[in-house]
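One structure is given here, and the rest of the page talks about it.
Protein chains: 2
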Amino acid sequence: MTQHTRIEHIGKPRVLIIGGGFGGIELAKSLRGADVQVVLVDRENFHTFQPLLYQVATAGVEADSIIHPFRKIFNDQENFYFRLADVQQIDTEKRMVETSIGLIEYDYLVLATGATSNFFGDKEMEAKAISMKSLEDALTLRNTILQNFEKALQVADEEQINSLMDYVIVGGGPTGVELAGALSELRKHVFPKDYKELDFCEMDIHLVQSGPVLLKGMSEEASREALKFLEDFGVKVWLNRRVKSYDGYTVYLDSGETMISRTVIWAAGVSGAPVSGIKPESILKGNRLLVDVHNRVAGYDDIFAIGDIAAMVTEANPQGHPMLAQPAMQQGRLLGENICHMLAGKPMKAFDYNDRGAMATIGRNRAVADLKLFKKEIKTQGFTAWLIWMFIHLISVVGFRNKLVVTMNWLWSYFTYDTGNRFIVGNKQENIPVEETISHKAVV
Amino acid sequence: MTQHTRIEHIGKPRVLIIGGGFGGIELAKSLRGADVQVVLVDRENFHTFQPLLYQVATAGVEADSIIHPFRKIFNDQENFYFRLADVQQIDTEKRMVETSIGLIEYDYLVLATGATSNFFGDKEMEAKAISMKSLEDALTLRNTILQNFEKALQVADEEQINSLMDYVIVGGGPTGVELAGALSELRKHVFPKDYKELDFCEMDIHLVQSGPVLLKGMSEEASREALKFLEDFGVKVWLNRRVKSYDGYTVYLDSGETMISRTVIWAAGVSGAPVSGIKPESILKGNRLLVDVHNRVAGYDDIFAIGDIAAMVTEANPQGHPMLAQPAMQQGRLLGENICHMLAGKPMKAFDYNDRGAMATIGRNRAVADLKLFKKEIKTQGFTAWLIWMFIHLISVVGFRNKLVVTMNWLWSYFTYDTGNRFIVGNKQENIPVEETISHKAVV
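Protein chains in written order, with this note's numbering: chain U, 1 to 444; chain H, 445 to 888.
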């Protein structure tokens, strides 16, 4: 395709942002009022508040509560243009990006493409496990969980029932830990009421973590308490184990153990989601782009990268910054300022990460938090940590109306242990008898 | 398939209900505590509050607000069993129903399958128009509207732009009228902010009605005012016109006029959604089943039908009752009582429809209502009618939490003219350039 897309040239330098995650959004906001044309391209028409995807997957909040359409966010920003498109290739010579809707020219290009699940080359796992990176992933998991129980009602064989009721979560980072906690709350308070014909003592939740601790990167206390909370909830945590393979039915661990489950959730690793056209020498391990302290991609003057896709390798951060919302947002904000400085002929500011800490929630009123406030470290676990987690996530969910809806959902689910989002829509598997899909054992 | 599904026999007569619409739900509730086993089969795991589907389609309320999972509704009803399945065939001799998950036996069968869109044999229309009968239809329409505008941004040719921005609604009943009103509100208050690059003077909303009035069956005043309200909103109403054909691009009316639109919404006719296995002589015109005053299907002792699928033909109602929520709910409730009477050897009560009237809303603060309260007829149009409409729909949306969310959404959209649900998910069309899909005019 060689056609250009129709985007008016407004006689100002065009900053083309690829990806509307935390970084892309903050950058676009920070360029409000700047003497540039901001063009955001994303393959969805909405921003996803990723930290709460696991809540959508477990029917805790509505999908609508954690997404926010770009056009609505930037309704009143004059210099903002949005295009719904897949980016295919960058032509760094001609300064244009090839997309599914045609070529888009740029003066400055910002890659904010984020990260994708990294299956470390295991194609079978990639085909059979469910990721937790997009709204569609989360809805797929919700559908799968609900359909599994409907199917389990039709089955006589105990192993088959277990294959439908058991869950294996791979990866003991925040996503894995939060999912395990939410699932175990549902197992205790919600599913037994909905499916009186099933015995939820049979429902196992496995969490497999390759290293010796959960929530690697957080404090020892956080890791230890997270493990304790999960074990209190009856989650089976397998530390120092790697998943060797998964055929859609049996999970094989490298330690020799096996588990039977039709549902494996992959929360084990991510890698950058780069766009082709960038020099190979600028791409580091894990597909991240090497950037300088101004988020400029190595070897380019007019291409920047922010957030998960960017690796700002310094002495203090030999691996780059953690792939979290905070560095992405801070880089986005600073890059907006720096682009204005650059256009005004002023020097750019170097990025200085303000690490505010990390947290994870486990179930309905426990969390672990390592906070950094005013240079002080505060470590807390349990109910207080959960209140802090709740507060911080509430104020972070983009958009006023969404906050009200999310708050109401959370208060409701807190007092009733129950939400109303347990419905199956889209991505449906056919209602075929379970045993036909794998074995041929007779159904009584 | 000859396998039986696994549903415990609890030693009580089994009432098998096919379909969890308004009728099926009320029947199941009315059998609470009765000495029967209630088995509900539906192809979705949730009840849909159909009167508000048009609001989901126009991003007015969240999908989650108008659906309610069956298992949640009947959480605490001991004798209730649910199965997610498609019904394929009834074997009235053996008293069993063949479904996608196996055979289900019954003692009493209640068909509450509702209605489906009736395209009067026009296969091309059926393939190319969007219906408004299910949650998936509504989400498809929402996706289509939003994607149309994204595509229109890429197009130079004026006819092509119009084809994407114009809408043709076929059918001037409540669904057609309410959709036209909601679309025209969005055209005025919401879309121009989201898509500043498009000229919304170019967006036409056509409503085609075969007869001489809108809202046929309502009072003359209601029909007249509905027409006036829509025309005030700039909707182009075509009375006494039928759509002759639609090829996905051009709509041909029988009067010779044509319109260009890629989006035709079919709200023109419904017919019963019967299940095969019922004697042909019990099936009337429009696929409805002939029932007696106890909702018993003609020619059967143990099969009943309620709601849209049932035609209770009497002298007072030669066409059966209107295909609306009220008759379905009232029939469901009475049938529950009658089944108990029957089992106790007592005589059944004849159905007596308590017609409470009808209403339709047009835009954000106008409605028309013909109410029947305490045998008095009240006709009202405008803001008062809208308040009544709002109140009645609020108290009708199943479930306490949903009511809060819907109320909040409505209040929010009332004061801001804006909701946040304008996102595209599932059922996505590819982001391919528009002209390639139909013609090959060059894009500048």
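For each residue, glycine too, the CB sits at the ideal point set by N, CA and C.
Neighbours of Y106 (chain U) across chain H, judged by C-beta separation under 7 Å, do not exist; the nearest C-beta is about 18 Å away. Under the DSSP assignment, L484 (chain H) falls outside any alpha helix (DSSP H), being part of the beta strand (DSSP E) whose first and last residues are Q481 to D486. With distances taken between CA atoms, H633 (chain H) lies nearest to U:K72 out of U:K72, U:Y252 and U:S131. In this structure, DSSP gives Q88 (chain U) an extended state, which the three-state scheme calls strand.
Using a Cβ distance threshold of 7 Å, T250 (chain U) and I260 (chain U) count as a contacting pair.
At a Cβ-Cβ threshold of 7 Å, D814 (chain H) and A804 (chain H) do not count as neighbours.
Note that the C-beta distance between S396 (chain U) and R262 (chain U) is not below 7 Å. The DSSP-derived three-state label of P327 (chain U) is helix. For E150 (chain U), a Cβ of chain H is located within less than 7 Å of the residue's own Cβ. By the criterion of a C-beta distance shorter than 7 Å, T560 (chain H) is surrounded in its chain by K577, V714, S715 and A717, once the five residues flanking it on both sides are discounted. Annotation: A624 (chain H) has no Cβ neighbours in chain U at a cutoff of 7 Å; minimum Cβ distance is about 23 Å. Assigned with DSSP and collapsed to three states, D232 (chain U) falls in helix.
Within chain H, the residues whose beta carbon sits less than 8 Å from that of D64 (chain U) are E506, A507, D508, G864, N865 and F867, listed in sequence order. At a cut-off of 7 Å between C-beta atoms, R515 (chain H) counts as an interface residue with respect to chain U. Per the C-alpha coordinates, the member of H:R476, H:P513 and H:K473 positioned closest to T492 (chain H) is H:P513. Remark: C-beta atoms of V850 (chain H) and V505 (chain H) approach each other more closely than 7 Å.
Among the residues of chain U, none has a CB under 9 Å from the CB of I605 (chain H); the nearest is roughly 11 Å distant. Exclusion of the five residues before and after M767 (chain H) leaves A559, V714 and D752 as the residues of its chain whose Cβ lies within less than 7 Å of its Cβ.
Look at P69 (chain U) here: in three-state DSSP terms it is strand. Put simply, the CB of Q533 (chain H) is far from chain U, with every gap to its CB atoms at 7 Å or more. Excluding sequence positions up to five before and after Q481 (chain H), its CB lies within less than 6 Å of the CB of I454, K456, R458 and N523, all in the same chain and listed in chain order.
For F490 (chain H) against F423 (chain U), the beta-carbon gap comes to about 4 Å, under 8 Å, which counts as contact.
Residue pairing by DSSP places W410 (chain U) opposite no residue, since no beta bridge is assigned to it. The shortest CA-to-CA distance from N809 (chain H) to any of H:G743, H:I832 and H:F526 is the one to H:I832.
Residue pairing for I130 (chain U): DSSP places it in a beta bridge opposite U:I265. Taking the Cα positions, Y690 (chain H) is about 58 Å away from F233 (chain U). Here DSSP, grouped into helix, strand and coil, assigns Q381 (chain U) to strand. Sequence-distant partners of I747 (chain H) (beyond 5 residues in either direction) whose C-beta falls short of 6 Å from its own C-beta, in its chain, are L553 and V741.
Using a Cβ-Cβ cut-off of 7 Å, T5 (chain U) counts as an interface residue toward chain H, since at least one Cβ of chain H sits closer than that to its own. Within chain H, the residues placing a beta-carbon under 8 Å from that of D194 (chain U) are P513, R515, K516 and N519, ordered along the chain. Using a CB distance below 7 Å, the part of the region 489-505 of chain H facing chain U consists of N489 and F490, ordered along the chain. Counted as a single uninterrupted DSSP element, the alpha helix (DSSP H) harbouring V177 (chain U) occupies residues P174 to E185. Residue ranges of uninterrupted beta strand (DSSP E) with 3 or more members, entirely inside the region 635-707 of chain H and ordered along the chain, are 649-652, 680-682, 687-690, 694-697 and 702-704. Taking 8 Å as the upper bound for CB-CB distance, I548 (chain H) and Q154 (chain U) are not in contact here, some 11 Å apart. For Y108 (chain U), the uninterrupted beta strand (DSSP E) run begins and ends at Y108 to L111, by DSSP. The residues A711 and A712, in chain order, have a CB closer than 6 Å to that of G615 (chain H) in the same chain once the five nearest residues on each side in sequence are set aside.
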